[in-house]
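Down below is the structure, laid out as structure tokens.
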Amino acid sequence: MQLPTDRKITESHAQFADAAQMAAFFASIPDADGLQALLMKRKIVSTRTFDDDAMIARFVRSDGTSVACYTVEAVTIDEAEMIAAQCELLDDWNVESFSRAVHVALDPDL
């Protein structure tokens, strides 16, 4: 499903039981040490990071057995906060529902 937004959204996933997947997942996230420590507790987690210089927001969700990261490029910190507020309303986290949340947060009139 293509929504009318100019935001580039990417996703990555990993299973905790697969060490190679987890290594690749963390390698794709700058300064992931704190995130790695949080996720390795294997609890339900919903968190986000923002890279001021690159203007990239990352939204991470884990159920304790797998983890997903949805990255939105070319956003401000305020836009990232608006996306985060919409993500609070999500029951299912997948690229379609996340993209819809971004669309509602940033392009509500389209």
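At the far end of the sequence shown sits residue 193, using the numbering used here, and the numbering has no gaps.
All C-beta atoms in this analysis are idealised placements derived from N, C-alpha and C, irrespective of residue type, glycine included.
Bear in mind the structure is a predicted one, so any value in this text is a computation, not a measurement.
task = Select from Ala115, Arg125, Ser149 the residue whose C-alpha is nearest the C-alpha of Arg141.
result = Ala115
ask   = So, is Ser154 buried or exposed, given that buried needs 16 or more other C-beta atoms within 10 angstroms?
value = Per the sequence shown, the amino acid found at residue 154 is Thr instead of Ser. So Thr154 counts as buried.
query = DSSP on Ile112, reduced to helix/strand/coil?
reply = coil
task = Starting from Val187, trace the alpha helix (DSSP H) both ways and give me its first and last residue.
result = 178 to 189
key: Which residues DSSP lists as bridging Thr132, in chain order   = Arg141
request  = Please confirm whether Ala188 and Ala168 have their CB atoms less than 9 Å apart.
outcome  = yes
ask   = Which of the three DSSP states, helix, strand or coil, is assigned to Glu224?
value = The structure shown does not extend to residue 224, since the chain is modelled only from 84 to 193, so the question has no answer here.
query = In its own chain, which residues sit with a C-beta less than 7 Å from the C-beta of Lys126, not counting the 5 before and 5 after it?
reply = Gly147
message = Distance check for Glu94 and Val143, CA to CA, integer angstroms please.
response = So the alpha carbons of these two residues sit roughly 10 Å apart.
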